[in-house]
Amino acid sequence: MKVLFLGSVIKTEDCTKYRGPSVAGNKMQLGLIKGLYKIFKNDLSILTEPPIASFPKEKRIYIGKGKIQLQKNIVANRVPFINIFIVKQIILIVNAFFMIYSWVRQNKNEKKVIICFNSFPYISLPAILAKKLFNVKIVCILADPPIDVINRGFIGKIAKKLEDSTTEKNIKEFDGLIVLNEKVIEKYAPKSKFILVDGGFDLDDAPKSPPGGQWTNIHEDDVIRLVFSGALLEYNGIKNLVEASKLVKSNKFVIEIYGSGPLEQYVKEVAQDNSRIKFMGNVPNSQMIRIQQEAGILLNPRPANDPISLYTFPSKMIEYLISGTPVATTKLNGLTDDYLQYVFIFDNEGPEEIAKTIDNLLIQDVDYLIAKAKEARNFIINNKNWDIHSKKIKEFIDLLY
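Mind the numbering: the sequence shown is residues 33 to 433 in our numbering, read in order.
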């Protein structure tokens, strides 16, 4: 069987060079590609549409055809495009289709599967057209369902509405779906074949540090570092976290907030007046992983009933849990029962409940906190790595023929 991965993967170090790439989305693609490569070897091909913001947000007007060395033995072929809004999307669809056609011709006597990372039109339409014209099965990894949470201008709203409606329609065209949250199937494609792959990590990135975080070397007068990392957006519960900081009874803690986004200025202003909040800005993912491993508690205050929470899996939770640091989170829909025994749950996402949970954690037995964090890390390593998920995907696509 020949497999073509069509997505938006780039080198890890390039995620912070441009506006547009998602660190979490790129890590997921890299992990899956490495896992699939272990199974398919040279039968795996990769096409990528670099997720660079359109001109003039980014100054590059043309992104040329070429190769991207993702790993030692893994090379992706870049789909060329003119980086101007709307023109960009149309050219990506056309060029991606012709590159798929070339791949089909090279493998005309083989079983063929295209795995798309998301169902955005410029990813899914070339694959759907190939399905209709050639003997090709297509599968979608639906990591980002069509939900808009960003404030946009008039033209942006129209364009996003059109993109989302096309995305939603295209979801039903795939022969199979790989979802991070089963609620997505209920909403968008109740009759589709699917498997659940709820986040993962690369075994090569397994931490070498002992679990326990700050608790492994704690002293009586130490200030406990509570860490939030992620996009500074309303749906991530940032304002509830800030308000909760004012209600915590203990004075032996500080909340460090890492990331960027629309609420960045809000957090900066709060930090000037509230010594319990520190705005830390954006840091490279490699540094963020180290910070998580050295923290006292990792916080995820995202509201459980937000549309993003209802239909996605919080990939940040995999990074949190494997860190070996205790995790406190809201009870998100994407967190299935097997996760819940390894985290501390806010009964609701209100500031009072978050503050109450923080106070409770700060007086817990240190050995208990370390043991819980160790169990969480082992659970992720043994059950949620990309090698396991890739084998599951291989079994799924085998059944499509």
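All C-beta atoms, glycine included, are put in the ideal place defined by N, C-alpha and C. Values in this document were obtained by computation on a predicted structure and should not be read as measured data.
Query, Result
"Whole angstroms are fine: how far does the CA of residue 364 sit from the CA of residue 338?", "9 Å"
"Over what stretch of residues does the beta strand (DSSP E) that includes residue 288 continue unbroken?", "285 to 290"
"Within 10 angstroms of its Cβ, does residue 344 collect 16 or more other Cβ (buried), or is it exposed?", "buried"
"Measure the C-alpha to C-alpha separation of residue 326 and residue 70 and round it to an integer number of angstroms.", "32 Å"
"Write down every uninterrupted run of the beta strand (DSSP E) in the region 87 to 113 whose length is 3 residues or greater and which is fully enclosed by it, in chain order.", "98 to 103 and 106 to 110"
"Does the Cβ of residue 346 lie closer than 7 Å to at least one heavy atom of the ligand NAD?", "With respect to small molecules bound, the structure shown includes none, and the ligand NAD cannot be examined in it."
"How long is the line joining the alpha carbons of residue 361 and residue 375, rounded to whole angstroms?", "7 Å"
"Would you tell me roughly how many angstroms separate the C-alpha atoms of residue 329 and residue 258, rounded to the nearest one?", "5 Å"
"Hey, residue 278 and residue 306 are a contact pair by Cβ (cut 8 Å); roughly how many whole angstroms apart?", "7 Å"
"For residue 361, report the span of its beta strand (DSSP E) as first-last.", "359 to 362"
"By Cβ distance below 7 Å, which residues in the same chain neighbour residue 114 in space, the five residues on each side in sequence not counted?", "93, 94, 120 and 123"
"Taking Cβ to Cβ, would you say residue 313 is nearer than 8 Å to residue 292?", "yes"
"Answer yes or no: do residue 242 and residue 248 have a C-beta to C-beta separation smaller than 8 Å?", "yes"
"Buried or exposed: which applies to residue 358, given that a residue is buried once 16 or more other Cβ atoms fall within 10 Å of its Cβ?", "buried"
"Under the DSSP definition of a beta bridge, which residues are partnered with residue 226?", "209"
"Near residue 225, what residues of its chain come up, given a Cβ to Cβ distance below 6 Å and the 5 sequence neighbours on each side ignored?", "208"
"Compare the Cα-Cα distances from residue 271 to each of 73, 150, 387 and 421 and report the closest residue.", "387"
"Please go through the same chain and pick out, in chain order, the residues whose beta-carbon is closer than 6 Å to the beta-carbon of residue 149, but skip the five residues on each side of it.", "39, 61 and 173"
"Taking the CB atoms as reference points, tell me whether residue 424 and residue 145 lie closer together than 8 Å.", "no"
"Could you tell me the alpha carbon to alpha carbon distance between residue 395 and residue 406, rounded to whole angstroms?", "19 Å"
"What are the boundary residues of the alpha helix (DSSP H) that residue 60 is part of?", "55 to 72"
"Determine, using beta-carbon pairs with one atom in the region 78 to 90 and one in the region 40 to 52, whether at least three such pairs fall under 8 Å.", "yes"
"Does the beta-carbon of residue 335 have 16 or more other beta-carbons within 10 angstroms, so that it is buried, or is it exposed?", "buried"
"Which word fits residue 57, buried or exposed, when buried means at least 16 other C-beta atoms lie within 10 angstroms of its C-beta?", "buried"
"In its own chain, which residues sit with a C-beta less than 7 Å from the C-beta of residue 152, not counting the 5 before and 5 after it?", "195 and 199"
"What is the rounded straight-line gap between the Cα of residue 219 and the Cα of residue 64?", "25 Å"
"DSSP beta-bridge partners for residue 170?", "146"
"Of all the options 105, 350 and 288, which has the alpha carbon lying nearest to the alpha carbon of residue 417?", "350"
"Residue range of the beta strand (DSSP E) that residue 310 falls in?", "309 to 313"
"How about residue 99 and residue 107: are their beta carbons less than 8 Å apart?", "yes"
"Sort out for me which residues DSSP pairs residue 125 with in a bridge.", "Answer is none; residue 125 lacks a bridge partner."
"Does the Cβ of residue 222 have 16 or more other Cβ atoms within 10 Å, making it buried, or fewer, making it exposed?", "exposed"
"From which residue to which residue does the beta strand (DSSP E) around residue 179 run?", "Taken as a continuous stretch (DSSP letters only), residue 179 belongs to no beta strand (DSSP E), as it is neither H nor E."
"With the cut-off set at 8 Å, would you say residue 41 and residue 72 are in Cβ contact?", "no"
"So residue 279 is in the alpha helix (DSSP H); what residue range does that whole segment cover?", "270 to 279"
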